[in-house]
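By UniProt numbering, the letter at position 810 of the sequence shown is numbered 810, and the numbering carries on one by one without gaps.
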Amino acid sequence: MTTQTTPVVSAGGTPPASPPSSSRGSAWLASWRVALRLARRDVRRHRGRSFAVLLMVGVPTMLICLGLVVGATSSISPEESVPLAMGPAQASITAGDGHRIAQAANPENGFSIKEAAAREVPGSRPGGTVEMNAAAIGELTGGEALPWTTGRTRARIGDRDLGLDTLAVAEPSRLTGKVTLRSGRWPTGADEVLVSPSAVRRGVPDSGSLQLLVDGGERTVQVVGTALSLQGWGASHELLTTTPDAMVDDSRSSGWFLMGDRPVTWADVTRLNEYGLAVHSAYVVTHPPTQDQIDPELREMGSSTSDTAQLVALGATLLLIVIALLVGPAFAVGATRQRRTLALAASNGATAGQLRRTVLAQAIVLGGLSALVGAVVAVPIGWIVLRVIADRGSPLGPFEVPWWQLAAICAIALVAAILAALVPAQRLTKLDIVGAMRGRVVTPPPSRWLFVLGLVLAAVGGAGVIIGLDRTEYVIALAAILLVLGTLLLVPRILHALGGLAGPLPLPLRLAVRDLARHRTRSAPTVAAVLAGSAALTMGLIGASSDNTQQRLDYLPQTLSGEGYMYAGGATQRQDPVDRAARELPELVITPVHSYGQPFEDPPPASDIPAEPFVTTLPRGCTVKDVVSPDLAPQGDVELAPEEGSGNPCLDLSTGSGSIPVTSTISFMPAAEIVRRFDLTGDEARTVTDGGGVLVAGKPQGIVSEGRVAIARGTLTIDDNTGVSELAGTTSTSRVPVVVRDRSKDTLARSWQAGLVLPTEVAQEAGWPLMQDAQLVRDPDGPIDAATQERLQQLLGDETYVDVERGFSNPLALVIAVLIAIFTLVLLVVTLTATALSIAEQERDQATIAAVGGSRRTRRLMVASQTWLLATIGIVLGALVGSFPGITIARALTSEGWDPITGLQLDRDAIVDIPWLPLAIVLVAVPALAALLAGLGIRRTPDLTRRTE
């Protein structure tokens, strides 16, 4: 039996105290636990909305994390470069030119040659190969010296000649970390080689026989596999051999890998420098010397700063803005859908804080899960991307995942999701419980003060972005934030104003406009998201289009339209491929272009300071000594800049007044080619065929006298240490008749960019030294087509550059097209996602319209009109916002440049080109396509439910 007793009341009449309640902190935690538990259930219950948020948060997070993984792997630290440069060796050693040296910690970052002669390596053979001197180097260093040689090897692939970067080392299998065998086996002799995956993509076989071009003949080797043979900066050699016999002689560089367990310290490095040996030591890289131990002139070499922190900060800021704007509509619609549930909770005693935590908990669960998925997915995708990049021969370090950076990005993504949910969560503090329970939506009118504030902020921000180019980057950043914030404050008032103008519109459009105005808490975030994408697109298009316009105006054609040219400079320019091209393509006319100077194939004269031949024009009143005088700096120019500086007034590079062959603008062509290119007739043509030339000058009166130009020839010496040039021997002067043409883009194309063009026949008859610069190619029947150009390139090999003048081509066309495609897709996804969420919320309204006789067509038009309006308003506002930073970018890109005719730097008016057509296409196509897709997504028959009011 149970006995019920009454609590004893104290004498004072006060009942006993109730059990102690839990603390405020524990209640707050308990409230969050409940909110998070409800959020997890809501994620599982509304999978469509959850998937949309997953995409909006996860995709930007994944892209930024992917960029960080690729960037971290691409950035090769000094420590990471050691195995790439030398594998497990203790050091890589190269010999100098017989002088002592001083070096930085890594000689590739800098070294200086001393005047003192290097000490002789005991047991070495002067002039011997690295294989001959390997034992002597090993004895000197106390280890085993493994010789290596790098250079170029030419291979014959079908009818093409390919140049392959080659590493030759006797035992490549010992270089773990530097050489990785991908397939096959290691070579065992001089007739076996390994090739890289990038070489295979160029057409080199990955197995079987390979023809190498050696000393004018062919040598057959066997490809026994593929391998990555990395260099210190991350790129891969294309061919791995055991001997350097097949390499082009003038391309070789060689040294030794120092194998063994004994580290090479800084003291060892400085000792070996006395023998003229440059040493890249693995130990020194990880234990670098102090600044006091390095030669004073080398102390600043090799130092660098990392932009990783700035890149992470920039990526985090972009991620914060993008996710907050993209996810805003989803959380706004989600909060609206839960209005009745939250009102029911509030009617049962839930506080405003608990209601807010319900919405914020969904942001935490969805945002955290999406960010984590995005970061995790980025790692394997990054590995695949980097594997493909490495196989293409691009420089990469070891695979690296910057975990702390990925964690920071995930945290930023989570914060962005929370910020996106903060506004709809805050609105719950003013929730109309009765209205929400009955399904009514009452949105208070927008604040006029916020509208005025938005106008002020937008105006100040726009002006700040425009004038911020002359200030610091912080001014531009602050102004951009104010511009975006001010524009967003205008959106509610614009939607409200549109609702007041909906009366005369057709029924579907009127319903759509009024619904947008009535549900501004749902519509405004969608407009903001579209605005962000449209602003970014507009900004990028204006900058790219303006830069493209400047490049088109500055474009200087290299030769006549439809004709080609080919370079194969230096000792690699061989006549054999050209002869073969002439035989294979007899329809083409190949004309060599020469300049004055010692041919590359001729041996240099035996002298401490060799004499170099030169030819120069003499401006009126100038002597040869005036042109080559070491006392006058060369920055003056009698034609291009006659009034600037105190330079040499007799130097006129534009018309050939210069003694250095690399800066001389005197070219030599066959007389018939000069006549053809300049369309000369009559006396002008006879002037050239009789030994004269063509002068291309803006102010010819400074150099032409009585129709002739003075030309001086001679030799001079240039001191390698001081750079001072002096006349050597006597000079000869002659006066050459010339045909004068004004300096313009057209005449420069005809003259092959030369200021003075002389007949080759005259120079050859006089015994002038000429060296071939390039070869001009033309088809007498018309312009050279792309197929002929490709065939010519194949015949000449990849060491010869072949191009055809086809006028200016937009290098940014593909970039702009990709930019438009990406942002169009983003705008469609944002608009359609917000529309889909809104349609889910409008189920009762759709049912009501259907119940009163509204057809499916009416409902489709209503939803399509809503989507079209949201996209149009967002794109128009975004275009206005993006135009301000776009103009600033255009001013920064185009306010400075070079005059294509004179070559002088210019400070000119900025070029601002607004691409109206692409912007109009986006403005018309994106809303129309979004509206079409949204209208097609309307259910055929909505669930008709009876209204309770």
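Heads up, the beta-carbon is just placed ideally off N, CA and C, and yes, glycines get one too.
- CA-CA distance, alanine 910 to isoleucine 887, rounds to 9 angstroms.
- In the structure shown, the three-state DSSP call for arginine 219 is strand.
- With 16 or more other Cβ atoms from the protein chains shown falling within 10 Å of its own Cβ, valine 757 counts as buried.
- DSSP, read as helix, strand or coil, puts arginine 522 in helix.
- Annotation: leucine 36 to leucine 832 spans about 28 angstroms, alpha carbon to alpha carbon.
- Looking at the DSSP output, leucine 240 sits in a beta bridge with Leu167, Leu194.
- When the five nearest sequence neighbours on each side are left out, the beta carbons in the same chain lying within less than 7 angstroms of the beta carbon of leucine 258 are those of Ala89, Gln90, Ala91, Ile93, Thr141, Gly143, Ala145, Val264, in order along the chain.
- In this structure, alanine 39 lies away from valine 452, with their beta-carbon atoms at least 7 angstroms apart.
- For leucine 272, the enclosing alpha helix (DSSP H) has its first and last residue at 266 to 273.
- The bridge partners DSSP lists for tyrosine 555 come to none.
- The three-state reading of DSSP puts isoleucine 914 in coil, since its state is none of H, G, I, E or B.
- The beta carbons of threonine 243 and alanine 190 sit closer together than 7 angstroms.
- In the three-state reduction of the DSSP assignment, leucine 228 falls in the strand class, which pools E and B.
- Under the criterion of beta carbons closer than 8 angstroms, leucine 560 and alanine 378 do not qualify as touching, at roughly 51 angstroms.
- CA-to-CA, the gap between serine 196 and asparagine 810 works out to about 34 angstroms.
- Beta-bridge annotation (DSSP): isoleucine 93 is paired with Trp256, Val279.
- In the three-state reduction of the DSSP assignment, serine 595 falls in the strand class.
- Between threonine 150 and serine 253, the CB-CB gap stays under 7 angstroms.
- In this structure, glycine 698 sits near arginine 743, with a CB-CB distance shorter than 7 angstroms.
- With respect to the 7 angstroms criterion, proline 172 and tryptophan 256 are not classified as neighbours on the basis of their beta carbons.
- According to the DSSP assignment, glycine 184 belongs to the beta strand (DSSP E) that extends over 179 to 184.
- DSSP places lysine 114 inside the beta strand (DSSP E), whose first and last residues are 111 to 117.
- Fully enclosed alpha helix (DSSP H) runs of no fewer than 4 residues occupy 786 to 796 of the region 773 to 803, in order along the chain.
- Counting along the chain, no alpha helix (DSSP H) covers glycine 208; the unbroken beta strand (DSSP E) around it starts and ends at 208 to 214.
- The alpha-carbon of arginine 518 is positioned some 35 angstroms away from that of leucine 541.
- Listed in chain order, the alpha helix (DSSP H) runs fully inside the region 21 to 59 are 24 to 45, counting runs of at least 4 residues.
- Ranking Val248, Gly96, Arg185, Ala420 by CA distance to the CA of alanine 361 puts Ala420 first.
- For glycine 464 against leucine 485, the beta-carbon gap comes to about 12 angstroms, at or over 8 angstroms, which does not count as contact.
- Straight across, the Cα-Cα distance linking alanine 27 with tryptophan 449 is about 39 angstroms.
- If you check the CB distance, leucine 482 and valine 460 come in under 7 angstroms.
- Comparing alpha carbon positions, the residue from Glu120, Gly260, Gly714 closest to glycine 87 is Gly260.
- Straight-line measurement puts the Cα of arginine 202 at about 16 angstroms from the Cα of threonine 800.
- Burial state of lysine 745 is exposed, judged by a 10 Å Cβ sphere holding fewer than 16 other Cβ atoms.
- CA-to-CA, the gap between arginine 182 and glycine 225 works out to about 7 angstroms.
- Going by DSSP, glutamate 684 is part of the alpha helix (DSSP H) stretching over 682 to 689.
- Cβ-Cβ separation between proline 759 and valine 688: approximately 6 angstroms, consistent with a contact (criterion under 8 angstroms).
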